[in-house]
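> Take the numbering used here: the final residue in the sequence shown is number 912, and no numbers are missing along the way.
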Amino acid sequence: MPARRAVPPTENHILTEPALIRVASIPAAHPYVRAVTDTQRVRVLPDPPVAGAPADVWWPPVALTSPWLVSHAADFDLLHVHFGLESFSPDELREALETALRLGRPVVYTVHDLENPQLVDQRPYRELLDVIIPSADHLITLTPTAAAEIERRWHRSSRVLAHPTLLDGAAVPERTVDETLRIGIHLRDLRPNIAAERAVRAAVDAAALLAQTGRAVEFEVLMHDRVRDDAAATRVTAAAEEHPAVRVRRTPRLSDAGIDAWIGGLDLFVLPYLHGTHSGWVELCYDLGVPVAGTDVGHIGSQHPDDFFVIDLDDPQTLVEAVALASDARATSPRASLVERRRSERVAEREAVRDAHARLYTSARAEISTAARA
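1. Quick one: is PRO702 buried, meaning 16 or more other Cβ sit within 10 Å of its Cβ, or exposed?
2. Would you kindly work out how many angstroms separate the C-alpha atoms of THR637 and VAL608, rounded to a whole number?
3. Applying the criterion that 16 or more other CB atoms from any shown protein chain within 10 Å of the CB defines a buried residue, is GLU905 buried or exposed?
4. When the distance is taken between beta carbons, is VAL574 closer than 8 Å to HIS895?
5. What number of angstroms, rounded off, separates the C-alpha of ASP767 from the C-alpha of GLU717?
6. Could you check if ALA902 is buried or exposed, using at least 16 other CB atoms within 10 Å of its CB as the buried criterion?
7. With a cut-off of 8 Å on the beta carbons, I'd call LEU602 and ALA567 a contact; round off their distance for me.
8. Put GLY722 into one of helix, strand or coil per three-state DSSP.
9. Does the count of Cβ pairs from the stretch 839 to 856 and the stretch 802 to 817 closer than 8 Å reach three?
10. Which residues in the same chain have their Cβ closer than 7 Å to the Cβ of ALA745, if we skip the five residues on either side of it in sequence?
11. So if DSSP puts VAL649 in a beta bridge, which residue, or which two residues, is it bridged to?
12. Check whether the Cβ atoms of PRO655 and GLY622 lie closer than 8 Å to each other.
13. Bridge partners of VAL858, per DSSP?
14. Return yes when at least one heavy atom of the ligand FAD lies under 7 Å from the C-beta of PRO586, else no.
15. Out of ALA557, LEU667, LEU617, which has the shortest C-alpha to C-alpha gap to PRO584?
16. Between the C-alpha atoms of TYR570 and PRO730, what's the straight-line distance to the nearest angstrom?
17. Whole angstroms is fine: what's the gap from ALA611's alpha carbon to LEU641's?
18. Does DSSP put SER865 in a helix, in a strand, or in coil?
19. Measure the CB-CB distance between HIS762 and ASP727 and report whether it falls below 8 Å.
20. Over what stretch of residues does the alpha helix (DSSP H) that includes ARG632 continue unbroken?
21. Starting from GLU780, follow the beta strand (DSSP E) in both directions and report where the run begins and ends.
22. Whose C-beta lies closer than 7 Å to the C-beta of ASP613 among residues of the same chain, with five residues either side of it excluded?
23. In angstroms, rounded to a whole number, what distance separates the CA positions of THR789 and GLY707?
24. Within its chain, find whatever has a CB closer than 6 Å to the CB of ALA740; leave out the 5 residues flanking it on each side and keep chain order.
25. Take SER625 and list the residues in its own chain whose beta-carbon comes closer than 8 Å to its own, dropping the five residues that flank it on each side.
26. Identify every residue that forms a DSSP beta bridge with ARG560.
27. Give the DSSP-derived three-state secondary structure of LEU705 in the structure shown.
28. Where DSSP assigns a beta bridge to GLU756, which residues make up the other side?
29. With DSSP as the reference, label ARG788 as helix, strand or coil.
30. In whole angstroms, what is the alpha-carbon distance linking ARG753 and LEU719?
31. Rounded to the nearest angstrom, what separates TYR811 and VAL828 at their Cα positions?
32. With a threshold of 8 Å on Cβ separation, who are the neighbours of ARG581 within its own chain once the five nearest residues in sequence on each side are excluded?
33. Going by C-alpha distance, which of LEU806, VAL658, VAL669 is nearest ARG632?
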């Protein structure tokens, strides 16, 4: 917002500022939400505290409950849901959405996940989608292919707004180029949608095939110290020991800067998903100039298709081919210039995405106001 001249108290001037649109975002404290928010036009309410939870925990989201919506109706203009549906039953979610409707507060839902990466059984999550997608006043999603699936399944149109960059002027780590190609796999805490053992076995088999061609490679597999399945972690480590070019490194959860530095040192990132819809990892790799080899699930390949190589974890030759393509890309596209070019493009894209959100909020609020006066 432009700076304004201070008005001396003796002058009889009235300054008016456009009112910020107050958004109850589910959640508020999330990097994606910060990235899409134009703070000159939009104010996101902080996440309400969760009883018995640390201050930085937003789930289960209190703001998506009927009592909170009623008691804070005067504090927000619009409800925007991103994540956290799985905290509720379909009836609880329906009650909250009906409360927002009764209060005259429009509901925007960004369809990040058509399949929940945290769950094995998707049926309860699909039931929640069957509640919110037909009910929301406006839908947003991240890719045209996801929008097509939403249209096919629920006969609802969605506004497609690309996932914006989450990097904000931080120094981009430089890859030291040598003869060895570095391929990374991050298994995190072995959450349900990661095919951890199959990914490592694919890396072992691909490393053996690549060794026959004389290509020098290193596969580094990161896995958190604390995982959801200790037995699976043991099997992953044992599988990696079958080839010296594959190494498992146990680590605490990395900071954002640590993840950036690690990915920036790779030539290829492997995303071994069993199910999913979109991926923030693909966005980060794109920003850092690192191509992705991933399984063909959801709409991840539609995010940055020119930088995404589809692989089959049961066919190591597909991973070998992805490594070859990444090697060719490294030879023809210097990393520093590629990252710099993308940075400027992505910053402009983020501004456009913020503007689109602010405009949508404005029109949604106006529609409700017009309907109330009718």
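Where is the CB? At the ideal position from N, CA and C, for every residue including glycine.
On the basis of the supplied data:
1. What you label residue 702 is simply residue 164 of the sequence shown in a count that begins at 1. Buried, by the Cβ-count rule.
2. Against the sequence shown, residue 637 aligns to sequence position 99. Against the sequence shown, residue 608 aligns to sequence position 70. About 7 Å.
3. Residue 905 sits at position 367 when you count from the first residue of the sequence shown. By the 10 Å Cβ count, GLU905 comes out exposed.
4. As a position in the sequence shown, residue 895 is number 357, starting the count at 1. As a position in the sequence shown, residue 574 is number 36, starting the count at 1. In contact: HIS895 and VAL574 (Cβ atoms closer than 8 Å).
5. Start at 1 with the first residue of the sequence shown, and residue 767 comes out as number 229. Start at 1 with the first residue of the sequence shown, and residue 717 comes out as number 179. Approximately 36 Å, taken between the alpha carbons.
6. Counting from 1 along the sequence shown, the entry for residue 902 is found at position 364. Buried, by the Cβ-count rule.
7. In the sequence shown, residue 602 corresponds to position 64, counting from 1. In the sequence shown, residue 567 corresponds to position 29, counting from 1. The Cβ separation is near 14 Å, so there is no contact.
8. The residue labelled residue 722 in the question sits at position 184 within the sequence shown. Of the three classes helix, strand and coil, the one that applies to GLY722 here is strand, per DSSP.
9. yes
10. The residue labelled residue 745 in the question sits at position 207 within the sequence shown. So the list reads VAL755, PHE757, HIS781, ALA783, VAL784, once near-sequence residues are dropped.
11. Against the sequence shown, residue 649 aligns to sequence position 111. For VAL649, which the question treats as bridged, DSSP gives the partners THR679.
12. As a working mapping, residue 655 is identified with position 117 in the sequence shown. As a working mapping, residue 622 is identified with position 84 in the sequence shown. Taking 8 Å as the Cβ cut-off, PRO655 and GLY622 do not qualify as a contacting pair.
13. As a first step, residue 858 must be located in the sequence shown, where it is residue number 320. None, per the DSSP bridge assignment.
14. Looking at this structure, you won't find the ligand FAD or any other ligand, since it has none at all.
15. To locate residue 584, count along the sequence shown from 1; it is residue 46. For PRO584, the nearest C-alpha among the options comes from LEU617.
16. Here residue 570 refers to the residue found at position 32 when the sequence shown is read from its first residue. Here residue 730 refers to the residue found at position 192 when the sequence shown is read from its first residue. Whole-angstrom Cα-Cα distance: 22 Å.
17. As a working note, residue 611 is residue 73 in the sequence shown. As a working note, residue 641 is residue 103 in the sequence shown. Roughly 7 Å between the two C-alpha positions.
18. As a position in the sequence shown, residue 865 is number 327, starting the count at 1. Of the three classes helix, strand and coil, the one that applies to SER865 here is helix, per DSSP.
19. Here residue 762 corresponds to residue number 224 of the sequence shown, with the count starting at 1. Here residue 727 corresponds to residue number 189 of the sequence shown, with the count starting at 1. Yes. Within cutoff.
20. Numbered from 1 along the sequence shown, position 94 holds the residue referred to as residue 632. Counting along the chain, the alpha helix (DSSP H) containing ARG632 begins and ends at 628 to 641.
21. Against the sequence shown, residue 780 aligns to sequence position 242. It is not in any beta strand (DSSP E) - GLU780 carries neither H nor E in the DSSP assignment.
22. Locating residue 613 in the sequence shown gives position 75, where the first residue counts as 1. Here the set comprises ARG560, LEU583.
23. Along the sequence shown, read from residue 1 onward, the residue named residue 789 stands at position 251. Along the sequence shown, read from residue 1 onward, the residue named residue 707 stands at position 169. So the two alpha carbons sit approximately 26 Å from each other.
24. Indexing the sequence shown from 1 puts residue 740 at position 202. Same-chain partners within the cutoff: LEU851, PRO854, LEU857.
25. Numbered from 1 along the sequence shown, position 87 holds the residue referred to as residue 625. Hits under 8 Å: TRP597, PRO598, PRO599, LEU602.
26. Start at 1 with the first residue of the sequence shown, and residue 560 comes out as number 22. Bridge partners of ARG560: ARG581.
27. Taking the sequence shown and counting its residues from 1, the one referred to as residue 705 is at position 167. LEU705: coil per DSSP, three-state reduction.
28. Looking up residue 756 in the sequence shown gives position 218. Per DSSP, ARG720.
29. Numbered from its first residue, the sequence shown carries residue 788 at position 250. Strand, per DSSP.
30. In the sequence shown, residue 753 corresponds to position 215, counting from 1. In the sequence shown, residue 719 corresponds to position 181, counting from 1. For ARG753 and LEU719, the distance between alpha carbons rounds to 8 Å.
31. Indexing the sequence shown from 1 puts residue 811 at position 273. Indexing the sequence shown from 1 puts residue 828 at position 290. Distance between the alpha carbons of TYR811 and VAL828: 18 Å.
32. Along the sequence shown, read from residue 1 onward, the residue named residue 581 stands at position 43. So the qualifying residues of the chain are LEU558, ILE559, ARG560, VAL561.
33. Start at 1 with the first residue of the sequence shown, and residue 632 comes out as number 94. Cα-wise, what sits closest to ARG632 is VAL669.
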